[in-house]
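These notes are about the structure you will find just below.
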Amino acid sequence: MAFDIREYTRTSRAVQWQDLPLDEFRTNPLPPETLRSLRYMCDVEYHTVCYLRDMLVTPSHKDPQVTAFMTMWNMEEFWHGEALAEVLNLHGLAIDYDHLKATRLKMGWRDKLDPIKQSMLANVIGEDFVAVHMIWGAANEWSAITAYNRLAQLEQHPVLAELLKRIAKQEARHVAFYATQARDRLARSKKAQRVARFALRRSWGPVGSGVMAETEVRHVLRHLMSGPDGRQAARTIDDHISKMPGLAGLRIVEDALEARGIPA
1 MAFDIREYTR
11 TSRAVQWQDL
21 PLDEFRTNPL
31 PPETLRSLRY
41 MCDVEYHTVC
51 YLRDMLVTPS
61 HKDPQVTAFM
71 TMWNMEEFWH
81 GEALAEVLNL
91 HGLAIDYDHL
101 KATRLKMGWR
111 DKLDPIKQSM
121 LANVIGEDFV
131 AVHMIWGAAN
141 EWSAITAYNR
151 LAQLEQHPVL
161 AELLKRIAKQ
171 EARHVAFYAT
181 QARDRLARSK
191 KAQRVARFAL
201 RRSWGPVGSG
211 VMAETEVRHV
221 LRHLMSGPDG
231 RQAARTIDDH
241 ISKMPGLAGL
251 RIVEDALEAR
261 GIPA
């Protein structure tokens, strides 16, 4: 089924949380391990603009459907960060723009060089790079939906669960665009399949792993993806990826868990 980009842009909205009984967090606060994972998620959502920056120097910016989607996608992801920041603020954890600036400054020269490297590599590959961008985005969005659903399931906090449900619903529309585009573009090009397979196998990492400290990456993976249920959730993401043209047998998410010693 084709993704209706016009309908998406017309109906794109900031996630709503102001109607939720947020004061319940004061009487029924979240435990430290959950707050730590939420802070990670919040930082990653706010960092989306940097991913957008890197993509705008690649052939992806020439496709009007892709740029229309990414404009609204970036806005929605920003508001996901705002919603999670509100929950953290209610627990005495301030997430402000100075914090975000400090997070990006810690990346140093890598942050400055990323757009240059991305541009050079993407423009050498050419139009087939867009397929890589789309399947990479799909893998990340499947991961995000899984993370939000796992946290809601593990915590069983009614207000948090409702907020994460709303965020995951928007992430589901994101993955619908990415997956539709990826499937179509990979089906049209064997070169795109080869490049995408190589890129995912060699370079993909858990969402946020290029921004956050490795200790925080391991915490979130252990918190959300350990044990039989967590490992099954990882396999489900890999199954989605493996169904794409030319990507059968990839298990990048489970490999990432095993590489970090996350128990099954």
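For the sequence shown, position 15 (counting from the first letter as 1) is numbered 15 according to the working numbering, and the numbering increases by one without interruption. Just so you know, even glycine gets a beta-carbon here, dropped at the ideal spot from N, CA and C.
Closest Cα partner of residue i within the set the options
| i | options | result |
| --- | --- | --- |
| D15 | A168, Y40 and H61 | Here residue 15 turns out to be Val, not Asp, going by the sequence shown. Minimum Cα distance to V15 is reached at A168. |
| L30 | D229, E77, A161 and R197 | A161 |
| E231 | W17, L88 and R150 | Strictly speaking, residue 231 in this sequence is Arg, with Glu absent from that position. Minimum Cα distance to R231 is reached at R150. |
| E127 | M70, E214 and H61 | H61 |
| F69 | D23, S143 and F3 | F3 |
| R222 | S209, E258, I262 and A256 | I262 |
| V66 | W142, I241 and T180 | T180 |
| D229 | A264, C50, R166 and Q18 | A264 |
| V220 | D184, R36 and A94 | R36 |
| K117 | I95, L56 and F78 | L56 |
| G227 | E258, S209 and G208 | E258 |
| D184 | H157, E216 and K243 | K243 |
| W17 | Q156, R197 and G81 | G81 |
| C50 | S189, A94, D63 and G208 | G208 |
Cβ-Cβ separation, residue j to residue i (assumed contact under 8 Å), whole Å
| i | j | result |
| --- | --- | --- |
| I252 | L200 | 5 Å |
| I145 | A176 | Not a contact, Cβ separation roughly 11 Å. |
| S119 | T58 | 6 Å |
| A122 | F129 | 4 Å |
| E45 | L84 | 7 Å |
| V87 | L154 | With 8 Å as the limit, V87 and L154 do not qualify as a contact, their Cβ atoms being about 15 Å apart. |
| D238 | E254 | 6 Å |
| M72 | A147 | Contact doesn't hold; Cβ gap of about 21 Å is too wide. |
| V211 | D54 | Not quite, the Cβ-Cβ distance comes to about 12 Å (not below 8 Å), so this is no contact. |
| A152 | K165 | 7 Å |
Residue j beta carbon less than 8 Å from that of residue i
| i | j | result |
| --- | --- | --- |
| R202 | R260 | no |
| L52 | N28 | no |
| L20 | V159 | yes |
| L163 | L90 | no |
| Y178 | M225 | no |
| W142 | W204 | no |
Burial state of residue i, where buried means 16 or more other Cβ atoms lie within 10 Å
| i | result |
| --- | --- |
| G92 | exposed |
| R6 | exposed |
| F25 | buried |
| V124 | exposed |
| R10 | exposed |
| P206 | buried |
| A313 | Outside the displayed range of the chain (1 to 264) lies residue 313, so it cannot be described from this structure. |
| E76 | buried |
| E214 | exposed |
| R13 | exposed |
| Q170 | buried |
| A256 | buried |
* Asked: Within the chosen definition, does the stretch 230-249 reach the stretch 180-195 through at least 3 CB pairs nearer than 8 Å?
  -> yes
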